[in-house]
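The sequence shown maps to residues -29 to -1, 1 to 676 in mature numbering (1 follows the signal peptide of the UniProt record, and there is no 0).
Cβ atoms here follow ideal geometry from the backbone N, Cα and C, with glycine treated the same way.
Right, one structure below, let's go through it.
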Amino acid sequence: MIRKATLLAALSAALLAPLVAVTPGSAAAKPALTTVQRQGYTVTISSITPEAPRNLTDEIKITGTVRNDTGAPVTGLQVRLRYSNQRLTDRAAMAAYQNDQSTQTLPENVSTRNSYMDLEPLAAGGTAQWTITATPVQLGLSQFGVYPIAVDVAQYSVPQAAQRTFLTYAPATPQKLPRNKIAIALPVIDQPHRATDDAAFVDDKLSQSLAGRGRLADLARIAQSAPSTVTWVFDPALLDDVNRMSKGYSVKTKDGEEKKPASAEAAQWLTTMRSALAASPVVATPYADPDVAALAHQGLDTQTQRAVELGGQTARTLLNRNAKTNLAWPADGVLDPDALDLLSVSDVDTVLLNATNLPPQQALLTTPDAAATLDSVNGPVTALVADAELSRLFEPGTGTSVALSTQRFVAETAMIASEPGQVTPRSLVIAPSRRWNPNPALVTALVKAAGRLPWLQPATLESLKPAKTSTPRAGLTYTDQDRKEELSRKYLDPVKDIWSKSQLTSLIMQQKTQSRFDAAVLRLTSSAWRNSTRAGRSVTNEVKKAVDGRLAEIKITGASPDSPKTLAGSNGVVPISVKNELGVPIELYIDIKSDNPELLTVNFAQPEPLTIGGGQSGTVQVQMNAAPDTSGDATVTVQLKTADGQPYGKPQRLTIRTTGYTGIALVIVGAALTVMLAAVVTRLLRRRSQRKLARAAKNRESETV
């Protein structure tokens, strides 16, 4: 009986628990309701209009939905507007309010009349729409500022879940607010998808990104509606890849390669970007967005300059003839003095940085000006520091609607404008993460909001300059973790070797040009490989094979140990031939050294380069001398070289077979020659005597007749 009673009591408690939970004033209800609040309901704010009311009687309309996730039907739900008529004091207070998700700390005021709405019974999994209206005067707002508000769903007046946001009240003020300049930088940066220019794509991710709701397709949609003050930052290697796709391409597969037709989406994307951004500022990153900090630390200094040059050429050809290369946006928005110096000598005079990389000299309660000045080996460089919170708002966040992000953006910028101590307008910079996946509706809404708020003045990145009263900065802060994020020495050492080899062919061409592998090697230095070194190494191996194959098209012919060249006698001339299969004229030098100088010496000088036409061979005659009284085989090493003395390809060994004679052999040969000469003389004298006797006999016969 006791066990049965206990069981009935437990069942009764379970069945009556929801009723107890909704009983107003029940002390036992609060813990249970907190659990329901966390797991049972979802409140969404879909819109707030106007985003910043300016008059006491403006109607503020807030709409949204409530979803019942409790797993059971519910009744007694009410949606309410919670608010405070006390302004938030600063941006830190805003962040603290937004991050606090407890229903116990919501604004205390619950407005009446139109600022709440009773909901019909809601089925399990069901969604109900709601609308709340109020005016600034009803909410007790009187001064310009940012106010905390929230919309909660309550069950019998007990809050279950809430969505927090901000309301900016913006009446005309006696003291005019400064119009802070705001510059927005939107990145169009990807990862390399090819090894060499004529190689198959390593994947087909770009085709997916260009189509439908793909990342690059979304960026094109944003570009079509963005104002001309937005600065666009492109990786030219991405433009190269898309351009190649527009003409037909192939993709690597497990079984080889799959040919793809010309991509209409790729061609349309390029056309759209050219048209949409014809009047907008466009910045080209160094080609393939290299990891400049790693290059500076691992001794690959020349690559940055070449990447800047090639990046500008590519962007101006494929996208916008006015594309600039004087602004750099380093990986993760961070660099150290070494990387800054490397960029500055590559004609970069402005860098876009993360706020953690260039913090204020002292902790501030207000927002610092974005522009500052850094000293580099090549003179002053302008640093533009992105505002972390404003930049984060441009990226899609879990559970954050366009309306809430817009309200936060309006509130953040209004708070900055009203911060104390402003004498002149400041500069603000927005820069979302460089390989972001944007929400076009969100980005477009925020960009439009920036254009219509009276305390903001949209500007280009290029127009932002350090003011005389700029916020003192602590200098570049580059942590051990930042250093660990770089491409490693182990990764870059093979890349360095490939770069050196790739430059050789261009150095021996009769008409000097840039190496055909510059773009390919720069792709290997991309910061995209920081989180994918395995894929980067795979591409590196492909480029290495291509470079080695190119070098092998110029070779020394007849350099085989099985086919020695013969040096008749103790000295003579040996021909050395070089075959040029490049298809263009080349000029090179040949360095020849004896591997056995005690047996064979080489006497060869080449004051002028050997010129060889495309598809032809060239030959030099090399004087060689064998040591006296020796014969047999010796070897020489032949090395092709560029005009500046760099080795071209691997050295080749040639076997030289000498037939020199010893001293005794010379005596024997001399004696033999003497005997031969005596025999010849004797024969000549005998023939002469015979001819005289014949003539005498003939004369006697004539006299007898």
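Proximity test, residue i beta-carbon vs the ligand FMN heavy atom, cut-off 6 Å
i    : result
D464 : What this structure holds is no ligand at all, so the ligand FMN is not there to describe.
Assumed close pair residue i, residue j - CB separation to whole angstroms, cut-off 8 Å
i    : j    : result
S473 : V518 : 5 Å
V279 : D318 : 7 Å
V322 : V352 : 6 Å
L581 : T202 : About 51 Å separates the two Cβ atoms, so there is no contact after all.
L289 : L241 : 7 Å
A420 : T377 : 6 Å
L478 : A614 : 7 Å
I527 : Q623 : 5 Å
P78  : L27  : With 8 Å as the limit, P78 and L27 do not qualify as a contact, their Cβ atoms being about 19 Å apart.
Helix, strand or coil at residue i according to DSSP, with G and I counted as helix
i     : result
N502  : helix
A302  : helix
D340  : coil
V(-8) : Because the pLDDT at V(-8) is just 30, under 50, the model does not fix this residue reliably, and the value given afterwards should be weighed accordingly. Three-state DSSP puts V(-8) in coil, outside helix and strand.
P207  : helix
W101  : strand
Q69   : helix
T633  : With a pLDDT of 45 at T633, under the threshold of 50, the modelled position of that residue is not reliable, and the figure given next carries that caveat. Of the three classes helix, strand and coil, the one that applies to T633 here is coil, per DSSP.
P163  : coil
E513  : helix
P158  : strand
Q150  : The question names Gln, yet the displayed sequence has Arg at residue 150. Coil, per DSSP.
N291  : coil
F380  : helix
A605  : strand
Q623  : strand
T321  : strand
T353  : strand
N214  : helix
S434  : helix
S221  : strand
R628  : strand
S199  : coil
A64   : helix
G543  : strand
Q564  : Sequence check: residue 564 is Lys here, not Gln. Reduced to three states, the DSSP call for K564 is strand.
K230  : strand
T528  : strand
Assigned exposure category for residue i - 16 Cβ within 10 Å defines buried
i           : result
D340        : buried
T102        : exposed
residue 677 : No statement about residue 677 is possible, as the shown extent of the chain runs from -29 to 676 and does not include it.
D451        : exposed
D383        : According to the sequence as given, residue 383 is Glu; it is not Asp. Looking at its Cβ environment, which holds 16 or more other Cβ atoms inside 10 Å, E383 is buried.
Q592        : exposed
D189        : buried
T20         : exposed
K515        : buried
R62         : buried
D303        : buried
D161        : buried
G586        : exposed
G520        : exposed
N151        : buried
Q333        : exposed
K483        : exposed
Chain-order list of residues whose beta-carbon lies under 6 Å from that of residue i (same chain, five-residue window excluded)
i    : result
S196 : T415
A267 : D309, A310 and L313
S588 : S548 and K550
K223 : A171 and V173
L306 : A264
Same chain, Cβ closer than 8 Å to residue i, neighbours up to 5 away in sequence not counted
i           : result
G(-5)       : Low confidence applies here, because G(-5) scores a pLDDT of 31, under 50, leaving its location unreliable; read the following figure in that light. Cβ neighbours of G(-5) beyond the five flanking positions: none.
residue 677 : Residue 677 is absent from the structure shown; the chain starts at -29 and stops at 676.
S221        : A171, F172, E228, E229, K230 and K231
P261        : Q274, T275, A278, L493, T496, S497 and S498
Cutoff 7 Å: residue i Cβ touching any chain D Cβ
i    : result
S196 : No chain D is part of this structure, which consists of one protein chain only.
Contacts around residue i, its chain only, beta-carbon distance under 7 Å, and the 5 residues preceding and following it disregarded
i    : result
L625 : A530, K536, T606, V607 and V609
Touch test, the region 230 to 243 against the region 207 to 216, Cβ-Cβ under 8 Å, three pairs minimum: Below 8 Å, enough C-beta pairs join the region 230 to 243 and the region 207 to 216 to call them touching: three or more.
Three or more C-beta pairs below 8 Å linking the region 440 to 459 and the region 564 to 580: No, they do not touch.
Validate contact between the region 126 to 141 and the region 449 to 467 using beta carbons, cut 8 Å, 3 pairs: no
The region 390 to 404 / the region 71 to 78 touching (three or more Cβ pairs under 8 Å): no
Touching by the beta-carbon criterion (3+ pairs, under 8 Å), the region 156 to 175 and the region 109 to 123: Judged by Cβ distances under 8 Å, the region 156 to 175 makes no contact with the region 109 to 123, as fewer than three pairs qualify.
Inter-stretch contact at 8 Å, needing at least 3 Cβ pairs: the region 280 to 293 / the region 327 to 343: Judged by Cβ distances under 8 Å, the region 280 to 293 makes no contact with the region 327 to 343, as fewer than three pairs qualify.
At least 3 beta-carbon pairs within less than 8 Å: the region 114 to 123 vs the region 355 to 362: no
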